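Numbering (the numbering used here), first residue to last: 613 to 809.
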């Protein structure tokens, strides 16, 4: 039987699936038990080099195609969760989902971004010509010195009706009230999706 929600989880730069699993533990413990979190490693050439792309977004197209193939190869994903560079990738994938035809990535219904930022490359700007309609959550640390709050808010502003959740911490995936609110978002999404089907 398929889980209620299946979420693809994308790690940050120089991270990997196992690191993200540990970073997400406080948030994951608040999620309903039937949420399936799928952690993957970036398609890097070496373990020390894990990243979805490198300087100047070099490797972005390869990553987009790799994630697209992954999403098309098994049961569908309801949403994508990304942390740091993985959050920036999540935003780009949401934009590709709404702007590129034919779509290089399978459809998904929501995006959750923690400590995310936007690309300032001209080829990515065209993807964000219109605000994205996909439901989105943006978790932002007021004390984040790696991805400042203003950069995460710029990403949130690319979406029509973003749910912005701020916390007092830094570049982390928090638990507590933030995790509870994220779990509420997922429960609301699942209810709406069930009614629509």
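Backbone N, C-alpha and C fix where the C-beta goes; we use that ideal spot for every residue, glycine too.
No experiment lies behind these values; they were computed from the predicted model shown.
Which of the three DSSP states, helix, strand or coil, is assigned to residue 618? On the chain shown, residue 618 is found 6 positions in, with the first residue counted as 1. In this structure, residue 618 counts as strand in the three-state DSSP scheme.
Just to confirm, is the Cβ distance from residue 618 to residue 689 under 8 Å? In the chain shown, residue 618 corresponds to position 6, counting from 1. In the chain shown, residue 689 corresponds to position 77, counting from 1. For residue 618 and residue 689, yes; Cβs fall inside 8 Å.
Indicate the three-state DSSP secondary structure (helix, strand or coil) for residue 632 in the structure shown. The residue given as residue 632 occupies position 20 in the chain shown. It is helical.
Note down the Cα distance separating residue 642 from residue 800, rounded to an integer number of angstroms. Locating residue 642 in the chain shown gives position 30, where the first residue counts as 1. Locating residue 800 in the chain shown gives position 188, where the first residue counts as 1. Approximately 15 Å, taken between the alpha carbons.
Would you mind working out which of 638, 708, 751 and 711 sits nearest residue 797, comparing C-alpha positions? Taking the first residue of the chain shown as position 1, residue 797 is located at position 185. It is 751 whose Cα lies nearest to the Cα of residue 797.
Just curious, the alpha helix (DSSP H) that residue 797 is in, first and last residue? In the chain shown, counting from the first residue as 1, residue 797 sits at position 185. Looking at the DSSP string, the run of the alpha helix (DSSP H) that includes residue 797 is 788 to 808.
By how many angstroms is the C-alpha of residue 726 removed from the C-alpha of residue 754? Your numbering for residue 754 matches position 142 in the chain shown. Your numbering for residue 726 matches position 114 in the chain shown. Cα-Cα distance, rounded: 12 Å.
Any chance you could list the beta strand (DSSP E) runs of at least 3 consecutive residues sitting entirely within the stretch 720 to 785, in chain order? 722 to 726, 748 to 753 and 775 to 779
Cutoff 8 Å; reference residue 702; Cβ partners in own chain excluding five residues on either side: Sequence index remark: in the chain shown, residue 702 carries index 90 (1-based). Residues 622, 692, 693, 694, 723, 724, 725 and 728 of the same chain have their beta carbon placed closer than 8 Å to that of residue 702, with the five preceding and five following residues left out of the count.
Apart from the five residues on each side of it in sequence, which residues of its chain come closer than 6 Å, Cβ to Cβ, to residue 710? The residue you call residue 710 lines up with position 98 of the chain shown. Closer than 6 Å at Cβ, skipping near neighbours: 744.
In whole angstroms, what is the alpha-carbon distance linking residue 700 and residue 775? Working through the chain shown from its first residue, we reach residue 700 at position 88. Working through the chain shown from its first residue, we reach residue 775 at position 163. Their Cα atoms are separated by approximately 16 Å.
Helix, strand or coil for residue 652? Go by DSSP, reduced to three states. To locate residue 652, count along the chain shown from 1; it is residue 40. In this structure, residue 652 counts as strand in the three-state DSSP scheme.
Rounded straight-line distance, which links the Cα of residue 624 to that of residue 631: Locating residue 631 in the chain shown gives position 19, counting from the first residue. Locating residue 624 in the chain shown gives position 12, counting from the first residue. Their Cα atoms are separated by approximately 9 Å.
Check the C-beta distance from residue 730 over to residue 770 and give it rounded, since I have them as a contact under 8 Å. Within the chain shown, residue 730 is the residue found at index 118, counting from 1. Within the chain shown, residue 770 is the residue found at index 158, counting from 1. Residue 730 to residue 770, Cβ: 7 Å. Contact.
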